[in-house]
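> So the sequence shown is numbered by my numbering: it starts at 1 and just counts up by one.
We put the beta carbon where it would ideally sit given N, CA and C, even for glycine.
Note that the structure is predicted; figures quoted are calculated from it, not measured.
First the structure, then my questions, so here it is.
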Amino acid sequence: MKRISLDQYTLKQLDDFCEYVFGIRYWMVKQMQEREGTFEKSECK
């Protein structure tokens, strides 16, 4: 019984961690895209 609750707890932690990592990666990609967009705009001028 205790092992099951522990597994559920670690699964929840893992899920939160994956969400956290994915959030950072998404933010980094977004930042890079924004930089590329502004770079292209400045080149067009």
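(1) Distance check for Q31 and T38, CA to CA, integer angstroms please.
(2) Any heavy atom of the ligand GTP closer than 7 Å to the CB of Q13?
(3) I need the straight-line Cα distance from R3 to D15, nearest angstrom please.
Here's the rundown:
(1) 11 Å
(2) This structure does not include the ligand GTP; it has no bound ligands of any sort.
(3) Taking the straight line from one Cα to the other gives about 18 Å.
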